[in-house]
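Residue numbers (the numbering used here), protein chains in the order written: chain A, 1 to 261; chain B, 1001 to 1395.
Note that beta-carbon positions come from the ideal geometry of N, C-alpha and C, so glycine has one too.
None of these values were measured; they are calculated from a predicted model.
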Ligand SMILES: Nc1ncnc2c1ncn2[C@@H]1O[C@H](COP(=O)(O)OP(=O)(O)OP(=O)(O)O)[C@@H](O)[C@H]1O
Ligand SMILES: [Mg+2]
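Encoded structure:
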């Protein structure tokens, strides 16, 4: 049982988040100075409190800016707080202290529903264990994030199939995850993460369950996201081969940011 | 909205095996409620219209009289009367009677409260609104003088019928005296080919038939023993009459009665109520449990949905939508089941008309919906509170 110690949040500020589903955060801010940080993390602290009363400070006062449209690797040993950072950036985890803003939008002041809409329109999440829904086919998995946006069913199918074809899985669209190899599953998961053209792609050990060849494919895919979509990719990884391809490497240790290049 | 329902529909199909007991439970509740309501409506209509207008009676009171008795000729005459329900004529009413000095005839027999039309009460008599009086004459209640009933033939008299035994009040009906019959009251007519039965013989036959329901009125006002035959179907009543005849016995006063019918309605409703409460209880636990389990099992799925941008509210609503879809299925199944029961009842007993009316369906449907949504409420809150981080870490 995770109990996150919540600071008193300011109430959700009146519709900071766009009400219309397809409106991107970026489009609310028309111009941005080059080099303006896309993600601003200030004094970010995440404390887990377990049932037995133990407190684990998974992230400790991390302050970091990430530029727009870069491939960022989040490196560090196991337990250093990488996943926690990603969950906070995804709006899935409320930090105990500090602020996180993406594209000048303060995540810490959003309501749960606002965060969900933020995730839907702006964030793509890639997991180590793919997290595909086993009862849905490949295209249905890819199409899932379009449902909250109100995309029609036929549009969803068309777009999902197109996305799958573009990554070479055109012959696999009706396969269930159980009928796909690990590498194929991860590519389906990537297709799902990017189907709404997110500006922020978060990947948590995306190559952890893959062999070298598939890991390289996934890394290629992430580079392509940065290049073609202009997305900011933040990838938590142990894999030095993946980290070496990143434009920015942030190293964490024991919850602290120890190095950023 | 369309997506929400489509999504919930897919989920429901996937979970149908586990949702089924709940759906069947609600459907059974719906079916039983509808049947009980239709049955009550029918019984209400029966008792309201006058029981004798209905051919489907399950109860008959046999009152073996010790006097007066009838000659064989009179029995023959009674047997020649048009049959009712394929059984024996309802011979009732005017036999022991008294006439008031104002000319009104006092019925000494109890008639069912529901009999409010002489046409019905006299259904087996020579004609509607006609009575046949004993030729022994009638005694005026007031003066004690005897009136020659033969003098009344062709005249119109007012029949005063007590509403029911033990109930104050009476109903009056204007009837024509169609004729007289002979009452052989002489002592030596007793022991003649019996047209009455002794209490013990009747009792024996009724017990043999398995329809003995006890003596309703061993010392009735008229001094007769009264037996209640608790037969399941009118056909049984006819069968008993046949049995009696086979033994050379004939009930002198066979009176179809609503005696106990209202308590029967009460019993049916009480039994139905208990059944519905049990079923609803079972179904509510089942649905709620299934949904709680579903949420537990689907935690991972819910976490993934939250991670890809579904709002907690959407997740909660999809569970409520699942319950609403389960409700639709239950209502349809329950309605079909109730119609099937009504049809089966019709096949077994064509005179019993159970009609499932729209108002009942509406009321029961709304009740079932409230109940289904109620059962889904807590699971839906559970679903909304799933912490995606906690679940995704488990994987
Ligand atoms: N629910 C929890 N309760 C208590 N401590 C937790 C909880 N979740 C994570 N932690 C702790 O927080 C710290 C950071 O965890 P986190 O998953 O962010 O690290 P990580 O860098 O992603 O590790 P890995 O490389 O192994 O995935 C770890 O020490 C972990 O044990
Ligand atoms: Mg991790």
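Can you name the start and end residues of the alpha helix (DSSP H) that residue 1362 of chain B belongs to? 1358–1384
Count the other C-beta atoms from every protein chain shown that fall within 10 angstroms of the C-beta of residue 211 of chain A, then say buried if there are 16 or more, exposed otherwise. exposed
Under the three-state reduction of DSSP, which class applies to residue 257 of chain A: helix, strand or coil? strand
If you follow the alpha helix (DSSP H) that residue 1321 of chain B is in, where does it begin and where does it stop? 1312–1348
Measuring CB to CB, does residue 1326 of chain B end up less than 9 Å from residue 1380 of chain B? no
Looking at C-beta atoms only, is the number of pairs between the region 226–238 of chain A and the region 72–91 of chain A that lie closer than 8 Å three or more? yes
Kindly indicate which residue of B:1005, B:1030 and B:1013 has the alpha-carbon position closest to the one of residue 1339 of chain B. B:1030
Should residue 1319 of chain B go down as buried or exposed, given a rule of 16 or more other Cβ atoms within 10 Å for buried? buried
Cβ-heavy atom distance between residue 236 of chain A and ligand 3 below 8 Å? Annotation note on ligand 3: not contained in the displayed structure, which lists ligand 1 and ligand 2 as its ligands.
Would residue 1275 of chain B pass as a contact of residue 1032 of chain B if the rule is Cβ separation under 9 Å? yes
Just to confirm, does residue 83 of chain A get its C-beta within under 8 Å of one of the non-hydrogen atoms of ligand 2? yes
At least 3 beta-carbon pairs within less than 8 Å: the region 115–124 of chain A vs the region 152–159 of chain A: no
Report the neighbours of residue 133 of chain A on chain B: residues whose CB is nearer than 8 Å to its CB, in chain order. 1301 and 1304
My assumption, with CB atoms under 8 Å, is that residue 102 of chain A sits in contact with residue 108 of chain A. Please give the rounded CB distance. With a Cβ gap of about 11 Å, residue 102 of chain A and residue 108 of chain A do not count as contacting.
How about residue 38 of chain A: is its C-beta nearer than 9 Å to some C-beta of chain B? no
Where does residue 188 of chain A land, buried or exposed, given buried means 16+ other C-beta within 10 angstroms? buried
What are the residues in the region 1019–1039 of chain B lying within 8 Å of chain A by C-beta distance? none
Could you tell me whether the region 254–261 of chain A touches the region 51–61 of chain A, where touching means 3 or more Cβ pairs closer than 8 Å? yes
Using only the alpha-carbon positions, how far apart do residue 194 of chain A and residue 1306 of chain B sit? 16 Å
Residue 132 of chain A to residue 143 of chain A span [Cα, whole Å]: 11 Å
Note down, in chain order, every chain A residue with its Cβ under 9 Å from the Cβ of residue 1314 of chain B. 113, 116, 147 and 148
Identify the contact partners of residue 1319 of chain B in chain A, using a Cβ-Cβ distance below 7 Å as the criterion. Here the premise fails: no neighbours, minimum Cβ distance about 15 Å.
Within the 9 Å Cβ cut-off, does residue 245 of chain A reach chain C? The structure shown contains no chain C; its protein chains are A and B.
So who's on the other strand from residue 148 of chain A, going by DSSP bridges? None, per the DSSP bridge assignment.
I want to see whether chain B comes within less than 9 Å of residue 293 of chain A, judged by CB atoms only; does it? Nothing about residue 293 of chain A can be read from this structure; chain A reaches only from 1 to 261.
Where do the ends of the beta strand (DSSP E) carrying residue 64 of chain A lie? 55–67
What number of angstroms, rounded off, separates the C-alpha of residue 184 of chain A from the C-alpha of residue 169 of chain A? 8 Å
Where the region 74–102 of chain A meets chain B: residues whose CB sits under 9 Å from a CB there: 83, 84, 87, 90, 92 and 93
Using a Cβ-Cβ cut-off of less than 7 Å, give me the residues of the region 1287–1299 of chain B that come near chain A, in sequence order. none
Residue 37 of chain A - DSSP class collapsed to helix/strand/coil: strand
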